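*Asks:* Numbering (the numbering used here), first residue to last: 50 to 382. Here a beta-carbon is modelled for each residue, glycine too, at the ideal position from N, C-alpha and C. Owing to the predicted nature of the structure, the values given are computational and were not obtained by experimental measurement. The structure that follows is given in the form of structure tokens.
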Amino acid sequence: MQVVKQNKILRVMLAVFAAVIIVLSVALTVFSVKNNRLSENGAQAGEAYESLSEALGSEQSARAQEASSYQAQIDAQNKAHQSEKDALEQTIADLNRQISIKRAATTQPPVTQSPAVQTGTADLSGKTVYLTFDDGPSPRTPEILKILDQYGVKATFFVINGGKYNQYMKDIVNGGHSIALHSYSHNYSNIYASEENYFADLQKISDVVYEQTGVRSNLIRFPGGSSNTVSRKYSKGIMTRLTKEVAARGYVYFDWNVESGDAAGNRVSAQTIINNCRKVPRNNAVIVLMHDASPKKSTVEALPAVIEYYKKAGCKFAALTTSSPVVHQRVLN
Ligand SMILES: [Zn+2]
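In structure tokens, the structure reads:
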């Protein structure tokens, strides 16, 4: 009985033991499976983290590279702009130097014999220049006509009796210029002694012009101009009377408002004549007094530069007619 009881207890204990072993081994298996999974997950997460940080690192370096290449571009552009700026500054300096050289040249007196037109020009546009030549015809007349023709400029000739040179009167008219009356004798003591003397002399030159050209001119200029005071010596108040009387007889008389200065003597330099011709009045009608008498060689010499000056300043040229604007000086006798 004792032995049977003992066997029974032993069997039960064995069974319990076996059951415990089974439970333990099942638990162990479950635990190890779970543990395995966790470590797998951990490894995956680690890998992901690594690749993510790797990607971030390469992104950062790409950005850094991009930034440095932009900086390089900006630097290159700045450098280009700087060299452009330097080049422009150089050009400006060169131009300023040239301007100062030119300024110095124009303020210095001209040294050349033949006068040249200076580059500095005034704006005289709107003005009409009437070049007038007194005391011809003479050997200077064809020389002047040639220059006028070269420039396509029309002028006015207030003629006297030029003897054998009267033949040039025809050339004046054929050239499209105005022929006008100055005096037959140009002798002040005779013509200003009386109105009768004056008109007798005027008729004589009018007839010569008519014979030579077929033109009966009624444009006149008083010897010495209407403001002359020489006449007072021969007849007091004669200019006051003559200026009225010529108009009553159908003549139009012209004085001048630019004096070339060639009447001051026979050795007036061409440059002086040019400089005088630049002194232009406010008046739109610019009547320039010049002379084509035989000794006036410097007038011929100055003429091209005078014409060029007025042309560059924008002036027009015209010959005087009875409808031209008159320029009258103040009558002083
Ligand atoms: Zn004269």
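State buried or exposed for residue 213, treating a residue as buried only when at least 16 other CB atoms are found within 10 Å of its CB.
*Replies:* The residue in question, residue 213, is exposed, as its Cβ has fewer than 16 Cβ neighbours within 10 Å.
*Asks:* Could you pull the start and end residues of the beta strand (DSSP E) that residue 179 belongs to?
*Replies:* Segment 177–183, the beta strand (DSSP E) holding residue 179.
*Asks:* Taking the alpha-carbon of residue 376 as reference, which of 260, 257, 331, 265 has the nearest alpha-carbon?
*Replies:* Out of 260, 257, 331, 265, 331 has the C-alpha closest to the C-alpha of residue 376.
*Asks:* Given this structure, state the Cα-to-Cα distance separating residue 189 from residue 228, to the nearest angstrom.
*Replies:* The straight-line gap from Cα to Cα measures roughly 16 Å.
*Asks:* Quick one: what does DSSP say residue 229 is sitting in, helix, strand or coil?
*Replies:* Here residue 229 sits in strand by DSSP.
*Asks:* Looking only at its chain, what residues have a beta carbon closer than 6 Å to the beta carbon of residue 87, apart from the 5 residues adjacent to it on each side?
*Replies:* Because residue 87 carries a pLDDT of 49, less than 50, the predicted location of this residue cannot be relied on, and no value is offered for it.
*Asks:* Does the segment 289–302 come into contact with the segment 333–347, if we say contact requires no fewer than three beta-carbon pairs (one atom in each stretch) closer than 8 Å?
*Replies:* The segment 289–302, when compared against the segment 333–347, does not touch it at the 8 Å Cβ threshold.
*Asks:* Please tell me whether, using a cut-off of 6 Å, the distance from the CB of residue 186 to the nearest non-hydrogen atom of ligand 1 is below it.
*Replies:* For ligand 1, not one heavy atom lies less than 6 Å from the Cβ of residue 186.
*Asks:* For ligand 1, I want to know if residue 272 counts as a neighbour, meaning its beta carbon is within less than 6 Å of at least one of the ligand's heavy atoms.
*Replies:* Result yes, Cβ under 6 Å from ligand 1.
*Asks:* Consider the C-beta atom of residue 183 and the heavy atoms of ligand 1; say whether any pair is separated by less than 6 Å.
*Replies:* Yes.
*Asks:* What residue ranges within the segment 297–365 form continuous alpha helix (DSSP H) runs of no fewer than 4 residues, ordered along the chain?
*Replies:* Whole alpha helix (DSSP H) segments, 4+ residues: 319–326, 346–361.
*Asks:* Name, in chain order, the residues that DSSP records as bridge partners for residue 207.
*Replies:* According to DSSP, residue 207 bridges with 183, 229.
*Asks:* If distances are taken between C-alpha atoms only, which option among 305, 255, 260, 263 comes closest to residue 277?
*Replies:* Out of 305, 255, 260, 263, 305 has the C-alpha closest to the C-alpha of residue 277.
*Asks:* Taking 6 Å as the limit between beta carbons, can you name the residues of its chain near residue 289, skipping five residues before and five after?
*Replies:* So the list reads 380, once near-sequence residues are dropped.
*Asks:* Considering Cα atoms alone, identify which of 195, 57, 243, 204 is closest to residue 338.
*Replies:* Closest option to residue 338, Cα to Cα, is 204.
*Asks:* Quick check: the Cα distance between residue 367 and residue 181, rounded to an integer number of angstroms?
*Replies:* So the two alpha carbons sit approximately 10 Å from each other.
*Asks:* Grab me the residues of residue 271's own chain with a C-beta within less than 6 Å of its C-beta, minus the 5 sequence neighbours each way, in chain order.
*Replies:* Nothing meets the Cβ criterion.
*Asks:* Under 6 Å: does the beta carbon of residue 184 sit that close to some heavy atom of ligand 2?
*Replies:* Of the ligands this structure carries, namely ligand 1, none is ligand 2.
*Asks:* Just to confirm my understanding: we take residue 162, look at its own chain, exclude 5 residues before and 5 after, and list those with CB closer than 7 Å. What are they?
*Replies:* Below a pLDDT of 50, predicted positions are generally treated as unreliable, and residue 162, at 37, falls in that range; the measurement from the model is reported next regardless. Around residue 162: no qualifying Cβ.
*Asks:* Once the 5 residues before and after residue 146 are set aside, which same chain residues still bring their CB inside 7 Å of it?
*Replies:* Confidence is the limiting factor: at residue 146 the pLDDT is only 47, short of 50, which leaves the residue's position unreliable, though a coordinate-based value still follows. Once the five neighbours on either side are set aside, residue 146 has no close Cβ partner at all.
*Asks:* Rank 176, 245, 280, 260 by C-alpha distance to the C-alpha of residue 216 and give the top, closest one.
*Replies:* Nearest C-alpha to residue 216: 260.
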